[in-house]
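Chains A and B, in that order, are what the protein sequence lines are.
Numbering of the first sequence is given in my numbering, commencing with residue 2 and proceeding in unit increments.
Numbering of the second sequence is given in my numbering, commencing with residue 175 and proceeding in unit increments.
Here's the structure we're looking at; comments come further down.
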Amino acid sequence: MNVLYLDLNRCIYCRACEVACEREHGGVSRIFVTLLDWTEPVPVACRHCEKHPCVEACPVDAIEVTDEGAVIIHTNKCISCGLCVIACPFGVIELDKAGKIADKCDLCAHRLADGRQPACVLTCPTRCIQYGEFEEIMARARAKPGLTLVSAVGETGTVVTMPDRPAGAVQKATSGSD
Amino acid sequence: MNQQHINWVPSVCPFCGVGCGFLAGVDRGRLVALEYLIEHPVSEGALCPKGNAALDTVHHADRLLHPLKRVGDGFERISWDQALQEIAERILEIREAHGPNALAFLASAKCSNEENYLMQKWARLVGTNSVDHCARLCHASTVAGLGKTLGAGAMTNPVTDTVNADCIFVIGSNYAECHPVAARWVGDALEQGAFLMVADPRVTPTVWHADLCLQLRPGSDVALINGMMKIIVEAGLCNEEFIGSRTSGLEQLRELLQTVELSEVEEISGVPADAIEEAARHYATAEASVIMWSMGITQHITGTDNVMSLANLALITGHLGRPGAGLMPLRGQSNVQGACDMGALSNVLPGYVAVTDFERRRQIAAKWGVTELPTARGLTVVEMMNAAASGDLHSLYVMGENPIVSDPNVQHVRQGLDNIDLLVVQDIFMTETAELADYVLPAALWAEKSGSYTSTERRVQWQPTLVAPPGEALPDWQIICEMGRRTGYADCFPFASPGDILTEINTVSPAYGGITPERVQALGGLIWPCPDEDHPGTPILHQEKFGTEDGLGHITPTPYRPPAETPDEQYPLTLTTGRLVLHYNSGSMTRRTKALLSREPRLFVEISAADAAERGIEDGELVRVATCRGYTDCVARVVPTVAAGVVFMPFHFSGTNILTSDALDPTAKIPEYKVAACQIEKSPR
């Protein structure tokens, strides 16, 4: 089973993933990098959760879990009720500009179909976003020094590690110069 | 989109100097898609946001389509024949009336090696060494400082070799924003346990990952590095064997370091002595240490000194000439290294032959079929603008540069360009500088012509032609060939293709001797020096000896000098400038790219909470930033990432360089963009 892996320690807030996603999906990005406290970047996109509240919430079964573990919205079935938007614990499902169709990361299904990795994965300058076999990803994540495993959601979903440091970079940087 | 018809062509990213590759998808004469080129040796498919948007400028509606001639306040469309003939005649008239040094030429780090080679060849044949380009504004001090100490003004090790370093010392580089793919290799080194230390006045994204941050005051680099060297020398951490066999000048350095007091270093730099000591020990004692720098080091009146200090540090510790051990000036444009290599600098011919070197200059002249070339050093970029303002310069021919946004003290630049008799701008868009021109010539961009580009790590890569230029736009090499012919040098411009030009470069520049049109087209190209056709290229320089005449590394002591401007009562803050990840240089490409501009839409100034509170400035408020040269209105960002007393502005928007200083480094003639005394107040608007 393939999963996404976010190593938050390597994100540099360059936002290449956003521009790549936007280019790959007709001008709308489905990944958002948020900068917390000016120094802590967090790329947020659909985690393709193992327990998927959006699927449970959808009254018309428009959201499907594929054999690869991807959680996909079939937009032609969407009735714009917005329940999945409310249900999503990560806040990554949005209705389109017209307020009609729910939209989110589809793991670049069109790319996976012809053997190419998702655009955000390939473009990421720092290998912050990776995609691969769950066991292999977990082995990679466990081997990294000084990182905390934040989530490893069964055999689907997204593996996330973040830096295991007591204070933010700003404190670390400026404490010396005062 | 039906992908079946798409022809995928490996291409070189047209933005920074890392030299990433991607696949450009061509369908029926248009660039329609971009795909990641996983096989590329530097980027492995990765691209920063700018690289992802590289195609957006190609078929852009703003592209220049026809030659234009100034008529009153506007332009009229003219034919290529009329444009070329009139420009050639006016250049010859000005040369007749005022001599060849009334002419100046700006080459371009965005254009290919072949085009830069032609531009400097034409300028020198016309009779002047006043041909320069934006390297003068970014790494001229690297070229000068490393040339003097190591005998080669270029990065010593490839970007990917960073993974072999145990200690990575970054000073005055924010590679995470300016060269994002370099962060890939640093990140890999960190996962293998490397120690990262970053010296920067700001807490940049590069600093986020550092083990040690030295938040120094702008312009205090030499003091900091001398302090580090004093600690290394006194603690006996020098590499005596390396010093003994491969360097000269240690004694003079020892004498200088005896006058350095760590308490003074602490006071000048604002970095506590124990942090300086920690940095010094890490750098000296690591198995392999690398130093990475960019404009934070170079854009000072002490730029050359800063670079020489870093070379000294590497020489006394022996961190050169091995995997993971080297000096890495990260260059900012896709072909800024190449434009320098080609001699598009006012003091050197191709291959860094000094214009004053009688014998080697004559050899190049002979290859060009003339008996002599101009002998005096020409004007540098900022000197050109000064000469224009004072009336000594009458003609400026600009290829792909935008000095009215990118040069320091732009109000002075504007005065100069207004004063000049003939301003020709050859570009892809109607830039702010083109708007002032007498003639505007539409040029092809990277995808519409072929040629070689040299990345920051000396890697020469080939960009094939992908699509035709829009309208009547022509490749820069064709335009210059035509200008050369029409100004009387037809025999010197016999070229029918960029390959023909590269073949001449092979014979003129020894380091490019084996980088032939056939070999350079392989994926990843070749890394110079590559002297002959069997040579595999040279990823790591200085392994056996240095490029100096005696083969030794010349330790060159550099005492600390303060910046040209220091804060005073009227201008109590220090303004420093730099790049953002979403924009590029003068912004003429990225401000026309929706995906980038929408994420970073306007000019801002970063200010500390203390300085903002003192002035009653709120985050997001419109403020006025003033220096003794002028003022600019922009939005305040109150951030914890700059120290009190320091403010930061990006330089991609018109306005920032109204403020910056044009004080020059005496050797490299690079202006001190990084330090200007300023004041900030709420905007009266």
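Glycine included, every Cβ here is placed at the ideal spot set by N, Cα and C.
These numbers come from a predicted model, not from an experiment.
List the whole-angstrom C-beta distance separating T830 (chain B) from T751 (chain B), where the pair is believed to meet the contact cut-off of C-beta under 8 Å.
For the purposes of this step, residue 830 (chain B) is taken as residue 656 along the second sequence, with counting starting at 1. For the purposes of this step, residue 751 (chain B) is taken as residue 577 along the second sequence, with counting starting at 1. About 6 Å separates the two Cβ atoms, so the contact holds.
If you measure from the beta carbon of K98 (chain A) to each beta carbon in chain B, is any gap under 8 Å?
Sequence index remark: in the first sequence, residue 98 (chain A) carries index 97 (1-based). It does not: the Cβ of K98 (chain A) has no partner Cβ on chain B nearer than 8 Å.
Between the stretch 515-533 of chain B and the stretch 546-557 of chain B, are three or more C-beta pairs nearer than 8 Å?
Touching, per the Cβ criterion.
Checking 8 Å against the spacing of the C-beta atoms, do L150 (chain A) and T159 (chain A) come in under that value?
Walking along the first sequence from the start, residue 150 (chain A) turns up at place 149. Walking along the first sequence from the start, residue 159 (chain A) turns up at place 158. In this structure, L150 (chain A) keeps its C-beta atom at 8 Å or more from the C-beta atom of T159 (chain A).
Identified DSSP bridge partners for M502 (chain B)
The sequence position of residue 502 (chain B) within the second sequence is 328, counting from 1. According to DSSP, which records beta bridges pairwise, M502 (chain B) is partnered with B:M466.
Of the listed residues B:W542, B:V216, B:Q366 and B:I345, nearest to I450 (chain B) (C-alpha basis):
Residue numbering aside, residue 450 (chain B) sits at position 276 when the second sequence is read from its first letter. Minimum Cα distance to I450 (chain B) is reached at B:I345.
D601 (chain B) bridges to which residues according to DSSP?
In the second sequence, residue 601 (chain B) corresponds to position 427, counting from 1. According to DSSP, D601 (chain B) shares a beta bridge with B:P616.
Sequence-distant residues of its chain with Cβ nearer than 7 Å to G225 (chain B) (five each side left out)
To locate residue 225 (chain B), count along the second sequence from 1; it is residue 51. Only C187, F189, C194 and F196 meet the Cβ criterion.
Close-in-space but distant-in-sequence residues of the same chain around L756 (chain B) (CB under 6 Å, 5 per side omitted)
For the purposes of this step, residue 756 (chain B) is identified with residue 582 of the second sequence, where counting begins at 1. For L756 (chain B), the CB contacts under 6 Å within the same chain, skipping 5 residues up- and downstream, are P223, L770, R773 and E774 in chain order.
Please list, in chain order, the residues of the stretch 105-138 of chain A that have any C-beta partner in chain B closer than 7 Å.
From the stretch 105-138 of chain A, only L123, T124, C125, P126, T127 and R128 have a Cβ closer than 7 Å to chain B.
Determine the contact status of G393 (chain B) and P737 (chain B), defining contact as a CB-CB distance below 8 Å.
Translated into the one-based positions of the second sequence, residue 393 (chain B) becomes position 219. Translated into the one-based positions of the second sequence, residue 737 (chain B) becomes position 563. Their beta carbons are under 8 Å apart, which means G393 (chain B) touches P737 (chain B) by this criterion.
Return the first residue and the last residue of the beta strand (DSSP E) that L370 (chain B) is part of.
Here residue 370 (chain B) refers to the residue found at position 196 when the second sequence is read from its first residue. Per DSSP, L370 (chain B) is one residue of the beta strand (DSSP E) stretching across F369 to A373.
So, helix, strand or coil for S315 (chain B), using DSSP?
Walking along the second sequence from the start, residue 315 (chain B) turns up at place 141. It is helical.
Assign E156 (chain A) to one of three DSSP states: helix, strand, or coil.
Against the first sequence, residue 156 (chain A) aligns to sequence position 155. Because E156 (chain A) carries a pLDDT of 49, less than 50, the predicted location of this residue cannot be relied on, and no value is offered for it.
Interfacial residues, the stretch 11-33 of chain A to chain B, with Cβ spacing under 9 Å:
For the stretch 11-33 of chain A, residues whose beta-carbon sits nearer than 9 Å to a beta-carbon of chain B comprise R11, C12, I13, Y14, C15, R16, A17, C18, E19, V20, A21, E23, R24, G28 and S30.
For W182 (chain B), which three-state DSSP category applies?
Within the second sequence, the letter at position 8 stands for residue 182 (chain B). Reduced to three states, the DSSP call for W182 (chain B) is strand.
Taking only beta-carbon atoms, is T149 (chain A) less than 8 Å away from chain B?
For the purposes of this step, residue 149 (chain A) is taken as residue 148 along the first sequence, with counting starting at 1. No - not a single Cβ of chain B is within 8 Å of the one on T149 (chain A).
Any beta carbon from chain A within less than 8 Å of A235 (chain B)'s own beta carbon?
Walking along the second sequence from the start, residue 235 (chain B) turns up at place 61. No - not a single Cβ of chain A is within 8 Å of the one on A235 (chain B).
Could you compute how far the alpha carbon of E156 (chain A) sits from the alpha carbon of E846 (chain B)?
For this step, residue 156 (chain A) is matched to residue 155 along the first sequence. For this step, residue 846 (chain B) is matched to residue 672 along the second sequence. Low local confidence applies: a pLDDT of 49 at E156 (chain A) is under 50, so the model's placement there is unreliable, with the coordinate-based value given in what follows. One C-alpha to the other measures close to 55 Å.
Buried or exposed for K101 (chain A), going by 16 or more other Cβ atoms inside 10 Å?
Walking along the first sequence from the start, residue 101 (chain A) turns up at place 100. K101 (chain A) is exposed by the Cβ-count criterion.
Would you call A174 (chain A) buried or exposed, if buried means 16 or more other Cβ atoms sit within 10 Å of its Cβ?
By 1-based counting over the first sequence, the position of residue 174 (chain A) is 173. With a pLDDT of only 48 at A174 (chain A), under 50, the local geometry of the prediction cannot be trusted, and the value read off the model is given with reservation. The C-beta of A174 (chain A) has 16 or more other C-beta atoms within 10 Å across all chains shown, which makes the residue buried.
Closer than 9 Å at the beta carbon, the chain B residues around T40 (chain A)
As a first step, residue 40 (chain A) is located in the first sequence; it is residue number 39 there, counting from the start. Result: V377, P379, V381, W382, P814 and T815.
Buried or exposed: K541 (chain B), going by 16 or more other Cβ atoms within 10 Å of its Cβ?
The sequence position of residue 541 (chain B) within the second sequence is 367, counting from 1. Residue environment analysis places K541 (chain B) among the exposed positions, since fewer than 16 neighbouring C-beta atoms fall within 10 angstroms of its C-beta.
Can you name, in chain order, every residue of its own chain whose Cβ lies under 6 Å from the Cβ of Y457 (chain B), other than the five neighbours on each side?
Walking along the second sequence from the start, residue 457 (chain B) turns up at place 283. Closer than 6 Å at the Cβ level, and outside the excluded window around Y457 (chain B), lie C341, F343 and S463.
Rounding to the nearest angstrom, what Cα-Cα distance links T628 (chain B) and G721 (chain B) in this structure?
As a working note, residue 628 (chain B) is residue 454 in the second sequence. As a working note, residue 721 (chain B) is residue 547 in the second sequence. For T628 (chain B) and G721 (chain B), the distance between alpha carbons rounds to 19 Å.
Does the beta-carbon of L7 (chain A) have 16 or more other beta-carbons within 10 angstroms, so that it is buried, or is it exposed?
Position 6 of the first sequence, counted from the first residue, corresponds to residue 7 (chain A). Per the 10 Å Cβ criterion, buried.
8 Å is my cut-off, CB to CB: does E860 (chain B) come that close to chain A?
Residue numbering for chain B in the displayed model covers 175 to 859; residue 860 (chain B) lies beyond these limits and cannot be assessed.
C-beta contact flag for L311 (chain B) and V481 (chain B) at 8 Å:
In the second sequence, counting from the first residue as 1, residue 311 (chain B) sits at position 137. In the second sequence, counting from the first residue as 1, residue 481 (chain B) sits at position 307. Not in contact: L311 (chain B) and V481 (chain B) (Cβ atoms no closer than 8 Å).
Under a CB-based cut-off of 8 Å, is K1 (chain A) close to chain B?
Beyond the ends of chain A as shown, which are 2 and 179, falls residue 1 (chain A); an answer cannot be given.
Measuring straight from C-alpha to C-alpha, what distance separates R358 (chain B) and L211 (chain B)?
Indexing the second sequence from 1 puts residue 358 (chain B) at position 184. Indexing the second sequence from 1 puts residue 211 (chain B) at position 37. Cα to Cα, the separation comes out at about 15 Å.
If you compare alpha carbons, which of B:P644, B:F667 and B:I265 is closest to Q652 (chain B)?
For the purposes of this step, residue 652 (chain B) is identified with residue 478 of the second sequence, where counting begins at 1. Nearest of B:P644, B:F667 and B:I265 to Q652 (chain B), Cα basis: B:F667.
Do R251 (chain B) and H234 (chain B) count as a contact pair if the criterion is CB distance below 8 Å?
Mapped onto the second sequence, residue 234 (chain B) falls at position 60. Mapped onto the second sequence, residue 251 (chain B) falls at position 77. Cβ distance not < 8 Å, so H234 (chain B) and R251 (chain B) don't count as in contact.
Chain A residues whose Cβ lies nearer than 7 Å to that of E210 (chain B):
Within the second sequence, numbered from 1, the residue matching residue 210 (chain B) stands at position 36. According to the sequence shown, residue 210 (chain B) is Tyr rather than Glu. Per Cβ cutoff of 7 Å: L123 and T124.
What first and last residue would you give for the beta strand (DSSP E) that runs through F416 (chain B)?
By one-based count along the second sequence, residue 416 (chain B) stands at place 242. Run containing F416 (chain B): none in the beta strand (DSSP E); it sits in the alpha helix (DSSP H), E414 to R420.
Thinking G688 (chain B) and P705 (chain B) are a contact (beta carbons under 8 Å), I'd like their distance in whole angstroms, please.
Within the second sequence, numbered from 1, the residue matching residue 688 (chain B) stands at position 514. Within the second sequence, numbered from 1, the residue matching residue 705 (chain B) stands at position 531. The Cβ separation is near 6 Å, so the contact holds.
Taking P858 (chain B) as the reference, give the member of B:P814, B:R811, B:E795 and B:V813 with the closest Cα.
If you number the second sequence from 1, residue 858 (chain B) lands on position 684. By alpha-carbon distance to P858 (chain B), the top candidate from B:P814, B:R811, B:E795 and B:V813 is B:E795.
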